[in-house]
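According to my numbering, the sequence shown is numbered sequentially starting from 10. Cβ atoms here follow ideal geometry from the backbone N, Cα and C, with glycine treated the same way. Notes follow the structure.
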Amino acid sequence: MVSKRWLVQVCRHRSCDRGGSAAVLAAFQQHQSPNILVAESDCMGQCSAGPTVKVMPGNTWYCRVTPGDVPRIVEEHLGKGELVRDRLHPRFHPPDDLGNP
10 MVSKRWLVQV
20 CRHRSCDRGG
30 SAAVLAAFQQ
40 HQSPNILVAE
50 SDCMGQCSAG
60 PTVKVMPGNT
70 WYCRVTPGDV
80 PRIVEEHLGK
90 GELVRDRLHP
100 RFHPPDDLGN
110 P
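Written as structure tokens, this is what we have:
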């Protein structure tokens, strides 16, 4: 079986950058591998919820990500295929769509 390949995009536009996206990007880059490509992105349009991270495939959006969240996202989402629910962006992943009350 071939391992899944991931693209992790970290917004580096002004408001996300002020929120610490450079450190988030650096934390993800520590986990870069042949199966995990990490890239910085220009504005993703989610300025009030930054730093914003988008994971493909799956079009998963994470919001208010800190460097401390990165190991958990890498282990749970990229490693096990499980979403890190407390960091999911509610605009793209409403709680009702995830089977939560």
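Item, Value
"Sub-8 Å separation of aspartate 78 and arginine 96 beta-carbons", "yes"
"Simplified DSSP state of leucine 16, which is helix, strand or coil", "strand"
"Distance between aspartate 105 and cysteine 72 (C-alpha atoms, nearest Å)", "18 Å"
"Best match in Leu16, Arg14, Arg27, Trp15 for proximity to threonine 75 [C-alpha to C-alpha]", "Arg27"
"Residues of its chain near leucine 92, where Cβ-Cβ distance is below 8 Å and the 5 sequence neighbours each way are ignored", "Thr69, Glu85, His86, His102, Leu107"
"Candidates Cys56, Ser50, Val64, Val83, of which the one nearest cysteine 20 by Cα", "Ser50"
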